[in-house]
Amino acid sequence: MNKNSFLYGTMILILVNFIVRFLGFAYRIILSRMIGPEAIGIFHLAFPVLMVFITFTSAGIPVAVSKLIAHFSSLNNKTGCKKVLGISMFIGLFTSVLLSVMLYFNAHIISERLIKNTDVYPSLIAMIPAITLITLSSIMRGYYYGMKNVGPPGTSQILEQVFRITFVIGFLLFLPPLIPKYASVIAILGVSVGELTGLLWLVIQFGDFKTSYITKTYQHFKHPNIEILSKILYISIPITITRMIGVIMQSINAALIPQRLMHAGFSLQEAVSIFGKLAGMAMPLLFLPFIVTSALVVNIIPSIAEEVALKNWHQLSLKSNLAIRMTLLVSIPITALLIFFANPICNFLYHQGNVGEYLSLLGYATVFLSLQHVLSGILHGMGKQVITTINYLIGMLLQIFCTYYLVPHPLFGVKGFILGFILSTFTISLLNYVALNHYIKLKPNIINDIGKPIFSTLIMVLMLLNLYQLLLKFDVASNISILISILSAILAYAAAIFSTGSINRRTLQYILKKK
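What follows is the structure, encoded as structure tokens:
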């Protein structure tokens with residue numbers, strides 16, 4: 001397989017994402033047990049605020065960097081590549097420092113008037129260093145991805161997670177028991193420690209990377225700084241708006257869900273605890289397919305941009321169809337796993353009541369969430385970021401409507417938010433698919449792309465549930481039964497996929513040989 005190919009980079013990042021998410025899930029489990037649901041709830045009340053601030057600098061700009069670097073690199077333009085990185089780093093540094101100052105002077109207002117929970121204030125102050133660190137790291141990663149060198153950013157992600165976990169768990173072990181608001185501060189500080197480690201690694205590796213890639217003989221083109229700046233802003237602003245809508249909606253939900261639950265009769269502590277179980281325990285499991293889809297999106301944006309620059313429409317269509325197919329192959333079985341096996345999974349991971357009930361309902365959104373992610377990436381690579389912004393806004397408004405009106409209703413409660421989340425992800429993925437099909441005329445194979453994965457998933461679910469019950473009858477420990485059942489079900493799904501021909505020799509040859 002070509003080491004600069006779209007699929008090679010995707011496979012490497014799938015491995016990296018698996019390692020990072022495995023570490024992340026283990027970290028969340030340990031953290032939730034060490035600090036409890038109330039501290040987890042405070043953490044997830046504060047964290048969307050960080051996401052709001054870094055969205056201005058780390059949402060659209062890295063995507064623009066990746067896309068433009070791929071574009072200029074495909075045209076052998078060394079000057080353009082260097083200018084894109086330099087201008088982007090300047091914009092990111094200036095904006096992130098400005099936002100850090102704004103957060104410092106407005107943390108009290110945010111905690112008291114917006115979130116309406118003063119326990120969040122220390123966590124808001126603790127997150128200030130992370131704004132600049134995350135910004136610079138994300139821009140550096142965008143540069144590497146645009147040059148199709150996934151090694152340094154992949155390694156940096158693993159280092160970030162390892163140092164973050166080591167810092168947080170180490171401090172919590174050696175410090176005396178902390179009240180929830182200060183336990184949340186330790187978790188927030190871990191973000192900065194991890195990001196600093198990853199950034200230092202990227203900077204150290206940049207010299208070697210520049211020597212091996214950038215110093216090749218390029219044809220020079222003249223691209224004034226103002227032209228580069230305008231290109232960066234044209235790409236990044238709509239994507240930033242899209243992400244901003246998302247994080248604002250997360251922040252609104254973070255404030256709105258506990259408030260609406262209190263309106264339904266829950267105490268503040270009960271409402272925050274429910275929110276912690278929902279946002280901090282159940283919802284992270286929905287992003288299991290992102291092990292694959294994140295790798296696809298990171299690699300497909302520069303790959304699609306390159307095909308557009310070279311006007312290679314046939315390859316653009318093939319890569320888009322392949323990305324959608326890979327997404328369905330992964331997300332359909334995980335959706336079924338979360339729906340039908342939610343209680344054993346949550347009992348194994350968290351030992352917390354109600355989490356399995358939330359997860360079994362949220363699981364229906366998994367396949368739509370995954371498709372939304374990949375379809376947005378393809379459209380961004382094609383330069384259609386305005387369309388994804390509009391579609392995302394429509395979906396998020398639907399979610400907020402459901403949260404506001406259904407959560408306080410005794411018939412729904414927190415399930416009102418879950419219903420809105422499912423409807424939102426379905427709507428966004430459908431609108432993105434319609435838009436993409438308008439531009440490149442997708443040619444899905446319903447039997448191979450959807451029918452065979454669903455059939456294989458049915459086999460997987462039957463294997464999973466029956467084997468689990470059988471093991472319990474033989475008095476095998478519950479945790480061991482869960483692990484054996486899930487691993488056996490995964491093997492059954494893989495065997496069914498290959499035996500039905502959903503992945504055939506022709507597909508494998510394309511993956512291995514094409515760029």
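Numbering (full-length UniProt numbering) for the sequence shown: 1 to 515. We put the CB at the ideal spot given by N, CA and C, even for glycine.
- Secondary structure note for Arg243: its alpha helix (DSSP H) is the uninterrupted segment 225 to 263.
- In this structure, Ile274 keeps its C-beta atom at 8 Å or more from the C-beta atom of Phe287.
- In the displayed model, Val476 falls within coil according to three-state DSSP, outside both helix and strand.
- Taking a cut-off of 8 Å on C-beta distances, the region 65 to 75 touches the region 297 to 315, as three or more cross pairs fall below it.
- The beta carbon of Val355 sits closer than 6 Å to those of Lys277, Met281, Ala282, Cys346, all from its chain and outside the five residues before and after it, given in chain order.
- Note on the region 106 to 158: whole alpha helix (DSSP H) runs with a minimum of 4 residues are 121 to 126, 128 to 146, in chain order.
- Contact between the region 244 to 258 and the region 40 to 51 is present: three or more C-beta pairs spanning the two stretches fall below 8 Å.
- By the Cβ-count criterion, Gly501 is exposed, with fewer than 16 other Cβ atoms from all chains shown falling within 10 Å of its own Cβ.
- In this structure, Thr388 places its C-beta atom within 8 Å of the C-beta atom of Asn432.
- Contact between Glu38 and Gln205 does not hold, since their C-beta atoms are separated by about 40 Å, which reaches or exceeds 8 Å.
- Here Lys452 has Thr500, Ser502 as same chain residues with Cβ atoms under 6 Å from its own Cβ, once five neighbours each way along the sequence are excluded.
- If you ignore the 5 residues before and after His44, its C-beta comes within less than 6 Å of the C-beta of Ala279, Gly280, all in its own chain and listed in chain order.
- Distance between Ala255 and Leu114, taken at the CA atoms: about 7 Å.
- Taking every protein chain shown into account, the CB of Lys83 has 16 or more other CB atoms within 10 angstroms, so this residue is buried.
- Ranked by Cα distance from Tyr121, the first of Ile110, Ser192, Ala496 is Ile110.
- Here Leu472 has Ser478, Ser481 as same chain residues with Cβ atoms under 8 Å from its own Cβ, once five neighbours each way along the sequence are excluded.
- Counting the other Cβ atoms within 10 Å of the Cβ of His409 gives fewer than 16, which makes it exposed.
- The three-state secondary structure of Leu200, taken from DSSP, is helix.
- A direct Cα-to-Cα measurement between Met89 and Arg243 gives close to 20 Å.
- In the structure shown, the three-state DSSP call for Phe341 is coil.
- Going by DSSP, Ile301 is part of the alpha helix (DSSP H) stretching over 290 to 309.
- Contact check for Ile334 against Thr366 passes: the beta carbons are separated by less than 8 Å.
- Counted as a single uninterrupted DSSP element, the alpha helix (DSSP H) harbouring Val65 occupies residues 60 to 74.
- Check the Cα spacing between Glu160 and each of Val150, Leu200, Gly170: the tightest is with Leu200.
- Under the DSSP assignment, Lys415 falls in the alpha helix (DSSP H) whose first and last residues are 415 to 440.
- DSSP places Leu178 in the coil class of the three-state scheme, outside both helix and strand.
- Excluding its 5 nearest sequence neighbours in each direction, Val374 has C-beta neighbours in its own chain below 7 Å: Thr293, Leu296, Val297, Ala323, Ile324, Thr327, listed in chain order.
- For a cut-off of 8 Å, the C-beta gap from Val150 to Gly24 is around 19 Å, too long to register as a contact.
- The Cβ atoms of Leu464 and Ala489 lie closer than 8 Å to each other.
- In this structure, Gly41 lies away from Val191, with their beta-carbon atoms at least 8 Å apart.
- In the structure shown, the three-state DSSP call for Thr500 is coil.
- DSSP, read as helix, strand or coil, puts Asn354 in coil.
- Per DSSP, reduced to three states, the secondary structure at Asn466 is helical.
- Between the C-alpha atoms of Lys441 and Asn466 there is a straight-line separation of about 42 Å.
- DSSP, reduced to helix, strand and coil, places Lys384 outside both helices and strands of the structure shown, so it counts as coil.
- In this structure, the straight-line span from the alpha carbon of Ala126 to that of Tyr104 is close to 10 Å.
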